[in-house]
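In what follows, a single structure is set out as structure tokens and then discussed.
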Amino acid sequence: MYLSFHAGKANAFDKMVNVGIAVILFHGIFVLICELFFPLQRYIDAAAPFGLLYGPLCYFSFYALSGKLPDRNRLFLHLMPVIVGIGFYLMILWSSSFRDAYYLLIIRVLYICVEISMISYTGLLLFYNGGDEKERTQEGKKMLITVLVLVFMVAVMFITLSYASNLSKRKVSWLLPRMIIYFAMFTVMIFAFRYQAARILKKTQA
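Last residue of the sequence shown: 790 in this note's numbering, with the numbers rising by one and none dropped.
What follows is the structure, encoded as structure tokens:
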């Protein structure tokens, strides 16, 4: 984000990149706070519906390549699962009786929805062709396609872990999916850094 402020005027796609970086940073800080201050309350981190955000963010970024930001109706439609997830998350936090009764079911449904979201958005966007091709930045498109492949791989790994856990009737350690998520977040940040650095380089050469 610091690089973005020094890369000149931001277009619609640049703004979406900044939003994506902000979401990843917030997610990372949230996880750190949970680890430091709530190490025994795993539900605070596990039930947070962050995973439902990344598919729509990829879609909004692809849409922004056409030079336009998504309108309110489009935002509301694609963020509806996140809003519903936040509602259930708040109920888990505030009501111990609700948490005891429905936590495991909600976690299972949440992770299934995250897997479906990641795979469906990846499939949709790999064939997405909105807007004028001339208005798109090739650097941004390459970055997004790479991120989509990464998101798809994370979804497949989650499905594999879930299937292996159900097949063996044993719980997979929570550390493994966490490490996968952190690796994916770190990789996306590297691509965002390269994109912003390329913007600065292009500005200095102009």
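Where is the CB? At the ideal position from N, CA and C, for every residue including glycine.
On a predicted model such as this, the values are computed, not experimentally measured, just so you know.
- With contacts defined by Cβ atoms closer than 9 Å, Ala606 and Tyr673 do not form a contacting pair.
- Across the structure, Ile608 and Thr730 are spaced so that their CA atoms are roughly 17 Å apart.
- Considering only Tyr695, Leu661, Ala685 and Phe646, the residue with the shortest C-alpha distance to Phe634 is Tyr695.
- Within 10 angstroms of the beta-carbon of Asp598 lie 16 or more other beta-carbons, which makes it buried.
- Nearest to Gly651 by alpha-carbon distance, out of Arg778, Lys726, Ala596 and Lys725, is Ala596.
- Its chain contains Glu699, Met702 and Ile703 as the residues whose beta carbon lies nearer than 6 Å to that of Ala739, once the 5 sequence neighbours on both sides are disregarded; these appear in chain order.
- Its chain contains Pro640 as the residues whose beta carbon lies nearer than 7 Å to that of Leu663, once the 5 sequence neighbours on both sides are disregarded; these appear in chain order.
- One alpha carbon belongs to Tyr766, the other to Ser679, and they sit about 29 Å apart.
- For Gly639, the enclosing alpha helix (DSSP H) has its first and last residue at Gly635 to Ala648.
- If you compare the alpha carbons of Leu653, Leu677 and Tyr647 with that of Arg626, the shortest gap goes to Leu677.
- Pairing Thr706 with Leu624, the inter-Cα distance amounts to about 34 Å.
- C-alpha of Leu620 to C-alpha of Phe711: approximately 42 Å in a straight line.
- Between Phe646 and Leu734, the CB-CB gap reaches or exceeds 9 Å.
- Check the Cα spacing between Met763 and each of Arg656, Lys725 and Gly612: the tightest is with Gly612.
- Here Val666 is near Leu637, since their CB atoms are less than 9 Å apart.
- DSSP places Asn595 outside both helix and strand once states are collapsed to three, so it counts as coil.
- Contact annotation: Cys642 and Leu728 have beta-carbon atoms nearer than 9 Å.
- Leu624 sits in coil when the DSSP states are folded into three classes, being neither helix nor strand.
- A distance below 7 Å between beta-carbons, with the five flanking residues on each side excluded, links Val615 to the following residues of its chain, in chain order: Asp629.
- Cα atoms of Val601 and Leu649: separation of roughly 11 Å, rounded to the nearest angstrom.
- For Met737, the closest alpha carbon among the candidates Gly724, Ala768, Lys726 and Lys725 is that of Ala768.
- Per DSSP, Pro654 lies in no alpha helix (DSSP H) segment and is marked neither H nor E.
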